[in-house]
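Chemist: This note's numbering applies: residue 4 is where the sequence shown begins, and numbers increase by one.
Glycine residues also receive a C-beta, built at the ideal position from the N, C-alpha and C atoms.
Can you keep this structure in mind? I'll have questions shortly.
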Amino acid sequence: MGRFALLLLLAFASFQALCFAADDDTAFYDSFDEPFDGRWIVSDKDDYKGVWKHSKSEGHDDYGLLVSEKARKYAIVNELNEPVSLKDGSTVLQFETRFQNGLECGGAYLKYLRPQEAGWKANLFDNESPYSIMFGPDKCGATNKVHFILKHKNPKSGEYVEHHLKYPPSVPSDKLTHVYTAILKPDNEVRILIDGEEKKKANFLSADDFEPPLIPAKTIPDPDDKKPEDWDERAKIPDPNAVKPDDWDEDAPMEIEDEEAVKPEGWLDDEPEEIDDPEATKPEDWDDEEDGEWEAPKIDNPKCETAPGCGEWKRPMKMNPAYKGKWSAPLIDNPNYKGIWKPQEIPNPDYFELDKPDFEPIAAVGIEIWTMQDGILFDNILIAKNDKVAESYRETTWKPKYEVEKEKQKAEDESTDSDGLSGVQKKVFDVLYKVADIPFLSEYKLQILDLIEKAEKQPNITIGVIVSILVIILTVLFRLLFGGKKQPKVEKNPEVAETSNNQSTSGEKAEEEEEEEEKEGTAAAPRRRRRDT
Numbered sequence: 004m005g006r007f008a009l010l011l012l013l014a015f016a017s018f019q020a021l022c023f024a025a026d027d028d029t030a031f032y033d034s035f036d037e038p039f040d041g042r043w044i045v046s047d048k049d050d051y052k053g054v055w056k057h058s059k060s061e062g063h064d065d066y067g068l069l070v071s072e073k074a075r076k077y078a079i080v081n082e083l084n085e086p087v088s089l090k091d092g093s094t095v096l097q098f099e100t101r102f103q104n105g106l107e108c109g110g111a112y113l114k115y116l117r118p119q120e121a122g123w124k125a126n127l128f129d130n131e132s133p134y135s136i137m138f139g140p141d142k143c144g145a146t147n148k149v150h151f152i153l154k155h156k157n158p159k160s161g162e163y164v165e166h167h168l169k170y171p172p173s174v175p176s177d178k179l180t181h182v183y184t185a186i187l188k189p190d191n192e193v194r195i196l197i198d199g200e201e202k203k204k205a206n207f208l209s210a211d212d213f214e215p216p217l218i219p220a221k222t223i224p225d226p227d228d229k230k231p232e233d234w235d236e237r238a239k240i241p242d243p244n245a246v247k248p249d250d251w252d253e254d255a256p257m258e259i260e261d262e263e264a265v266k267p268e269g270w271l272d273d274e275p276e277e278i279d280d281p282e283a284t285k286p287e288d289w290d291d292e293e294d295g296e297w298e299a300p301k302i303d304n305p306k307c308e309t310a311p312g313c314g315e316w317k318r319p320m321k322m323n324p325a326y327k328g329k330w331s332a333p334l335i336d337n338p339n340y341k342g343i344w345k346p347q348e349i350p351n352p353d354y355f356e357l358d359k360p361d362f363e364p365i366a367a368v369g370i371e372i373w374t375m376q377d378g379i380l381f382d383n384i385l386i387a388k389n390d391k392v393a394e395s396y397r398e399t400t401w402k403p404k405y406e407v408e409k410e411k412q413k414a415e416d417e418s419t420d421s422d423g424l425s426g427v428q429k430k431v432f433d434v435l436y437k438v439a440d441i442p443f444l445s446e447y448k449l450q451i452l453d454l455i456e457k458a459e460k461q462p463n464i465t466i467g468v469i470v471s472i473l474v475i476i477l478t479v480l481f482r483l484l485f486g487g488k489k490q491p492k493v494e495k496n497p498e499v500a501e502t503s504n505n506q507s508t509s510g511e512k513a514e515e516e517e518e519e520e521e522k523e524g525t526a527a528a529p530r531r532r533r534r535d536t
């Protein structure tokens with residue numbers, strides 16, 4: 004009994020220590036259990052008409068900060084009691100968001116503001132308010148990414164530059180609650196997690212990970228360098244000694260009549276291909292003065308159906324064996340070729356060395372977005388100095404909700420009819436989204452995501468989409484292995500040929516206009532045909 008009591012005491016002490024550590028390492032946290040008025044200040048700027056609401060997450064008793072209206076701009080900010088330094092140890096940025104009505108076009112990212120200029124007020128927060136880091140999902144048209152942008156001050160020029168994480172992960176495409184985590188480590192590493200799973204690891208000082216790189220290039224092309232006038236960039240030139248052959252006829256036509264062709268037996272020279280419809284009658288309300296002289300509509304000549312042809316017979320055309328086209332001299336190696344000219348490199352006056360990023364502290368947390376969807380819910384916004392703290396919040400605040408939502412989604416998937424996505428198809432799409440994040444496919448990520456989204460809306464074309472993506476992968480692998488230079492062509496199923504929302508919309512409009520024209524053509528049967536005079 005005494006041993007059990009000792010173990011219980013040790014467990015309680017460990018739990019207490021963990022709680023105190025969590026409190027010490029939590030720089031900012033808002034669960035939105037209470038209304039946000041007073042803590043979060045809504046922007047008074049005219050552009051931001053969207054209404055924020057304190058609302059429950061669908062299916063839960065948990066509250067969050069809700070985007071309540073479609074097609075609006077939103078801005079809201081919470082000023083921290085004390086700025087949070089990003090230079091001391093690790094820093095973890097984490098928050099939950101849920102697209103309760105899906106997300107076709109809109110942002111759901113947070114801006115971690117640096118200290119503002121004197122006189123700035125929270126109700127003046129807008130897209131011009133300078134930030135240190137911007138982090139979170141953004142999706143619209145070809146854009147589908149979890150942003151991570153660092154605004155860093157160039158110590159030479161004094162200007163702040165946006166540095167974008169290269170090849171960021173994609174945004175989950177469902178309506179479940181997801182938790183986004185960015186872990187900034189003291190060794191210049193940044194890790195991006197979605198639902199606790201690492202999706203991207205990068206180094207702040209690596210030119211391979213951020214665009215533009217934080218450390219500028221040592222040299223740059225000389226802006227004053229000019230290409231010499233006698234510099235010849237032509238690798239091949241027409242042979243100056245070549246002469247057009249005497250028998251080269253540039254005027255010979257490409258096609259000529261086939262003199263060997265014979266008119267088929269039974270050809271009806273005197274029969275027209277179309278005749279007046281003998282069953283057509285002039286409408287009773289036809290007015291010759293108003294409508295013109297009435298003509299019966301034309302129909303195919305029934306006599307031509309069994310004959311090889313009707314009307315005047317003409318010999319068919321064939322390729323002219325004497326055709327050669329316009330003559331041009333053959334190309335030879337250019338003896339004066341010097342290669343493609345480039346300006347000489349000079350030392351970059353803005354170059355600087357850097358051991359660590361010069362992070363600006365976080366003085367406020369803001370949400371400044373434009374979205375076409377409502378129902379976006381933000382919750383459990385956290386800034387911590389220990390990734391274990393963020394992990395504990397994920398386990399206690401996010402995971403229980405997610406598990407409930409996932410089970411509900413699973414039940415809905417199982418009951419989906421044949422026209423919807425089956426559970427198997429959803430797993431396939433989950434795999435395809437992971438494929439789109441493979442680094443060597445980054446150049447074609449947008450094409451792959453576009454294909455996946457089309458297939459999610461039209462499940463019957465899933466196989467075609469998989470084949471198209473396989474073609475991209477195999478083509479890229481072929482280029483990597485054999486050094487080919489040709490860009491891979493995306494083999495698209497006819498039903499997924501559109502490559503962007505704009506093109507899709509244009510196609511739909513064209514189809515609607517076509518159908519309308521067909522309807523008008525049908526309705527306007529030849530009851531008002533005029534004879535040309």
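(1) Could you tell me whether the segment 310-329 touches the segment 210-224, using the rule of 3 or more Cβ pairs below 8 angstroms?
(2) When the Cα atoms are used, what is the spatial distance from E256 to G328?
(3) So K306 packs on W297, CB below 8 angstroms; how close in whole Å?
(4) F138 and H167 - do their beta-carbons sit closer together than 8 angstroms?
(5) Using a threshold of 8 angstroms, state whether the C-beta atoms of D272 and W316 are closer than that.
(6) Taking the alpha-carbon of Q412 as reference, which of R75, W289, V54, G62 has the nearest alpha-carbon?
(7) For N339, which residues from the same chain have a beta carbon less than 6 angstroms from its beta carbon, with the 5 sequence-adjacent residues on both sides left out?
(8) Only counting the same chain, and skipping five residues up and downstream in sequence, which positions put a Cβ closer than 8 angstroms to that of L179?
(9) If you reduce the DSSP assignment to three classes, tell me which class F432 lands in.
(10) Which term fits Y447, buried or exposed, when burial requires 16 or more other beta carbons within 10 angstroms of its beta carbon?
(11) For A30, count neighbouring C-beta atoms within 10 Å of its own C-beta (all shown protein chains included) and say buried if the count is 16 or more, exposed if not.
(12) Check each candidate in D361, K154, N147 and name the one with the smallest Cα separation from I136.
(13) Would you identify the three-state DSSP class for A571, choosing helix, strand or coil?
(14) D291 lies in the alpha helix (DSSP H); which residues open and close that run?
(15) What's the call for F481, buried or exposed, on a 16-neighbour Cβ count within 10 Å?
(16) Among residues of its own chain, excluding the 5 on either side of L357, which ones have a beta-carbon nearer than 7 angstroms to its beta-carbon?
(17) Is D420 buried or exposed, if buried means 16 or more other CB atoms sit within 10 Å of its CB?
(18) Just the Cα atoms here: how many angstroms apart are D440 and S176?
(19) For the putative contact between I455 and V470, defined by C-beta atoms under 8 angstroms, what is the C-beta separation to the nearest angstrom?
(20) Can you list, in chain order, the residues of its chain with a C-beta nearer than 6 angstroms to that of P2? Leave out the 5 residues immediately preceding and following it.
(21) Quick one: measure Cβ to Cβ for P140 and Y183, integer angstroms, because I've assumed they're closer than 8 angstroms.
(22) Using the C-alpha atoms, what's the distance from A414 back to E99?
(23) Going by C-alpha to C-alpha distance, which of E363, L68, V45, G122 sits closest to Y163?
(24) Between the beta-carbon of N389 and the beta-carbon of S34, is there less than 8 angstroms?
(25) In whole angstroms, what separates the C-alpha of A78 from that of Q103?
(26) Opposite N206 in the DSSP bridges: which residues?
(27) Under 8 angstroms between the Cβ atoms of L385 and L69?
(28) Should L473 go down as buried or exposed, given a rule of 16 or more other Cβ atoms within 10 Å for buried?
(29) In whole angstroms, give me the CA-to-CA distance for K341 and D227.
(30) If we require 3 or more residues per run, which beta strand (DSSP E) segments fall completely within the segment 294-355?
(31) Once DSSP output is grouped into helix, strand and coil, what is the label at P281?
(32) Might you give, ordered along the chain, the residues of its own chain that have their beta carbon closer than 6 angstroms to the beta carbon of K90, omitting 5 neighbours on each side?
(33) Please classify S60 as buried or exposed, where buried requires at least 16 other C-beta atoms within 10 Å of its C-beta.
(34) Mind checking which residues open and close the beta strand (DSSP E) that includes K239?
(35) Cβ of S160 within 8 angstroms of Cβ of D36?
(36) From what residue to what residue does the alpha helix (DSSP H) around Y396 run?
Modeler: Taking the definition as stated:
(1) no
(2) Inspection of the sequence shows that residue 256 is occupied by Pro rather than by Glu. Rounded to whole angstroms, P256 to G328 spans 8 angstroms at the Cα level.
(3) Not really, about 25 angstroms apart at Cβ, beyond 8 angstroms.
(4) no
(5) yes
(6) G62
(7) D235
(8) R101, Y405, E408, K409, Q412
(9) helix
(10) buried
(11) buried
(12) K154
(13) With the chain represented from 4 up to 536, any question about residue 571 goes unanswered, as that position is not in the structure.
(14) 291-294
(15) exposed
(16) L208, L217, I218
(17) With a pLDDT of only 49 at D420, under the threshold of 50, the placement of this residue in the model should not be trusted, and no figure is reported.
(18) 14 angstroms
(19) Going by Cβ atoms, the distance from I455 to V470 rounds to 13 angstroms, so no, they are not a contact pair.
(20) No answer is possible for residue 2: the residues shown for the chain start at 4 and end at 536.
(21) 7 angstroms
(22) 23 angstroms
(23) E363
(24) no
(25) 20 angstroms
(26) E192
(27) no
(28) exposed
(29) 20 angstroms
(30) 301-303, 320-322, 334-336, 348-350
(31) coil
(32) F362
(33) buried
(34) 239-241
(35) no
(36) 390-396
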